[in-house]
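Encoded as structure tokens, the structure appears first; notes follow it.
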RNA sequence: CGCGGGAUAGAGCAGCCCGGUAGCUCGUCAGGCUCAUAACCUGGAGGUCAUUGGUUCAAAUCCAAUUCCCGCAACCA
């Protein structure tokens with residue numbers, strides 16, 4: 134089985150990361166961890182898009198060189214990923230020389246093959262916005278509004294990429310490959326957009342008089358590349374594409390990674406960038422239909438009602454949320470309260486509830502009460518014995534059912550449903566305690582064997598939960614296992630789950646609350 | 001008639017693809033328990049599954065129409 138190559142959009146280093154950036158990276162990280170859990174080799178690539186006019190302007194404003202400016206902003210991203218446990222294998226920074234060389238090699242090749250051409254464009258140019266204006270920017274009266282400042286007629290040469298010859302192919306490809314875009318309904322959006330696309334080619338350059346902060350065109354030094362062959366190409370360059378031509382060493386083996394199994398992006402950059410430009414770029418470079426990647430298009434976190442709690446601070450700052458609820462608390466919320474591909478409303482009340490009621494009251498409390506009883510009654514030692522009954526069997530069945538249903542949910546990006554499966558075990562185990570009342574069994578000498586079996590079932594069930602939730606809450610699952618006195622054996626895979634992972638005589642640890650209640654006046 | 005998404009208990013949502021007693025989290029009310037992070041368990045109240053029509057023995061689920069909300073292209077996940 135080939136490695137699982139998963140990418141995310143690379144974030145534009147013009148401002149600090151917000152909740153949406155965090156969601157996308159955590160989503161990809163959860164899938165990467167899940168794939169590792171099922172034993173697959175994973176290459177997880179994420180990074181930052183550092184070139185462009187906005188960066189150049191922001192850097193000027195801050196009195197920094199563009200590189201110094203992006204380095205500073207980039208640190209906010211890398212620090213957040215470290216904090217949130219986003220564990221990537223490759224870091225795609227577009228100012229990386231390795232990347233620049235590949236982009237130049239790609240462009241040179243397309244140029245040599247006649248897929249690029251130079252043309253003069255004449256139009257209305259806003260000096261203030263530093264961009265050409267189209268009819269869309271015209272106001273009701275047909276003139277450009279004051280917000281554009283001085284508008285002049287300007288003539289400018291630029292390089293273009295021939296996209297028109299591929300538009301019909303793309304339509305056919307999308308229709309015949311429903312797997313290309315997930316969720317499927319987004320494909321209709323793309324096809325609809327393509328109908329109005331005409332025969333537009335893509336402008337891929339800016340003259341250096343206007344933009345210097347970019348990758349120079351190798352065949353025409355008076356221009357730098359503009360956006361797409363820089364930003365989108367990261368998925369190729371950092372996977373080892375054209376490494377030899379570019380003189381890059383120690384790169385991944387491209388042939389084994391491509392096509393990417395999942396390219397996780399937001400719905401805003403599907404059209405036209407990822408669903409139009411990107412596949413056409415790939416095709417122009419010679420990739421076949423079978424070598425097209427799969428796009429995973431996620432929705433947005435909206436702030437409905439704009440209700441922001443002062444006591445929580447700026448509620449959409451992922452750093453503040455991670456400080457309050459822990460990195461894994463935030464990861465849990467971000468994965469649980471949204472269906473992949475759809476939008477959700479961010480709610481500070483909901484994250485507080487998810488943390489206190491579900492993580493604290495549900496999972497955390499289950500662990501804590503189990504360990505307390507085991508330590509009080511049995512010095513934390515597991516005894517398996519021969520006692521069994523229907524109540525025990527029912528709990529084992531719940532565990533088995535959840536583990537049977539879990540993989541399909543995760544594979545299909547229904548992360549919230551995967552979590553639900555794990556939670557069925559948590560709920561059943563809490564109910565199991567009420568049914569069996571180990572605290573009563575402890576007072577009855579003759580009930581000793583049953584008490585042993587009850588405590589064993591609880592500890593074992595929790596161990597199973599930590600495996601299912603491992604991709605979502607890696608740190609907390611490990612902490613739980615520490616308290617259980619148990620660790621995942623080296624090379625452990627999902628299929629290695631079985632009843633009896635905690636052997637007779639196993640020594641449990643001490644219970645310390647892992648999700649201490651957060652008290653906030655919302 | 002541009003396209004797409006949504007409409008399910010007080011709130012937020014799942015279920016819809018593959019029709020068969022309407023489910024989850026929270027809130028609320030009443031009990032229970034006492035091992036536990038003021039937590040846990042049980043039960044109740046609360047829903048004409050937006051509307052209308054169709055297919056069917058049977059529709060939240062399939063089909064058709066209607067209404068209302070939310071998005072929709074350039075450097076913003």
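Numbering (the working numbering), first residue to last: 134 to 655. Ideal placement from N, C-alpha and C gives every residue a C-beta, glycine not left out. Being a predicted model, the structure only gives us computed values, none of them experimental.
Quick one, which of 632, 383 and 624 has its alpha-carbon nearest residue 589's? 632
Give the list of continuous beta strand (DSSP E) stretches no shorter than 3 residues that lie fully inside the stretch 521-559. none
Would you grab the beta carbon distance between residue 292 and residue 249 for me? Rounded to a whole angstrom, and I think it's under 8 Å. Going by Cβ atoms, the distance from residue 292 to residue 249 rounds to 5 Å, so yes, they are a contact pair.
Return the bridge partner residues of residue 252 from the DSSP annotation. 291
Determine which residues share a DSSP beta bridge with residue 277 and list them. Note: residue 277 sits in a beta bridge opposite 271.
In angstroms, rounded to a whole number, what distance separates the CA positions of residue 247 and residue 401? Residue 247 and residue 401: Cα-Cα distance of roughly 31 Å.
Straight-line gap, residue 355 to residue 185 (C-alpha atoms, nearest Å): 16 Å
Could you give the residue range of the beta strand (DSSP E) that holds residue 302? Where residue 302 is concerned, there is no enclosing beta strand (DSSP E), although the alpha helix (DSSP H) it sits in stretches over 300-309.
Do residue 394 and residue 139 have their C-beta atoms closer together than 8 Å? Taking a C-beta distance under 8 Å as the contact criterion, residue 394 and residue 139 qualify as a contact pair.
Could you spell out the range, first to last residue, of the beta strand (DSSP E) harbouring residue 358? 353-358
Buried or exposed for residue 419, going by 16 or more other Cβ atoms inside 10 Å? exposed
Taking all protein chains shown into account, decide if residue 497 is buried (16 or more other Cβ within 10 angstroms of its Cβ) or exposed. buried
Would you kindly work out how many angstroms separate the C-alpha atoms of residue 261 and residue 301, rounded to a whole number? 38 Å
Just to confirm the assignment: which complete beta strand (DSSP E) runs, minimum length 3, are found wholly within the stretch 196-261? Entirely contained in the stretch 196-261, the beta strand (DSSP E) runs reaching 3 residues are, in chain order, 223-226 and 249-259.
Could you check if residue 523 is buried or exposed, using at least 16 other CB atoms within 10 Å of its CB as the buried criterion? The residue is exposed, with fewer than 16 neighbouring Cβ atoms inside 10 Å.
Identify, in the order they occur along the chain, each residue of the same chain with its Cβ nearer than 7 Å to the Cβ of residue 586, setting aside the five sequence neighbours on each side. 518, 520, 521 and 525
Is it true that the CB of residue 367 sits closer than 8 Å to the CB of residue 225? yes
Is the beta carbon of residue 284 less than 8 Å from the beta carbon of residue 277? yes
If you draw a straight line from the alpha carbon of residue 110 to that of residue 456, how long is it in whole angstroms? Because the chain in this structure spans residues 134 to 655, residue 110 falls outside the shown range and cannot be described.
Looking at the strands, I want to know which residues DSSP matches up with residue 429. 315 and 397
So, using beta-carbon positions, are residue 172 and residue 603 closer together than 8 Å? No; because the gap between Cβ atoms is not below 8 Å, this pair is not in contact.
Proximity below 8 Å, CB of residue 493 to CB of residue 271: no
Considering residue 681, what are the terminal residues of the beta strand (DSSP E) in which it resides? In the structure as shown, the chain starts at 134 and stops at 655, and residue 681 therefore has no counterpart that could be examined.
Short of 8 Å in beta carbon distance, which residues of its chain neighbour residue 528, apart from the five on each side in sequence? Order them along the chain. 561, 562, 565, 590 and 594
Out of 616, 582, 362 and 410, point me to the one whose CA is closest to residue 299's CA. Comparing Cα-Cα distances from residue 299 to each of 616, 582, 362 and 410, the minimum goes to 410.
Determine the extent of the alpha helix (DSSP H) in which residue 169 is found, giving its start and end residues. 152-170
Test item: CB-CB of residue 658 and residue 454 under 8 Å: The displayed coordinates of the chain run from 134 to 655. Any statement about residue 658 would go beyond what the structure contains.
Alpha carbon to alpha carbon, how far is residue 288 from residue 255? Going by the C-alpha atoms only, they are around 4 Å apart.
According to DSSP, is residue 621 part of a helix, a strand, or is it coil? coil
Nearest by alpha-carbon distance to residue 146: which of 541, 200, 137 and 163 is it? 200
Taking DSSP as the reference, what is the three-state secondary structure of residue 383? coil
Thinking C-alpha only, which one of 556, 584, 487 and 336 is nearest residue 252? 336
Check residue 565 in the structure and name its three-state DSSP category. helix
Count the other C-beta atoms from every protein chain shown that fall within 10 angstroms of the C-beta of residue 440, then say buried if there are 16 or more, exposed otherwise. Because residue 440 carries a pLDDT of 35, less than 50, the predicted location of this residue cannot be relied on, and no value is offered for it.
To which residues does DSSP link residue 139 through a beta bridge? 177 and 395
On the DSSP letters alone, give me the boundaries of the beta strand (DSSP E) that residue 636 sits inside. Element bounds for residue 636: n/a, residue is neither H nor E.
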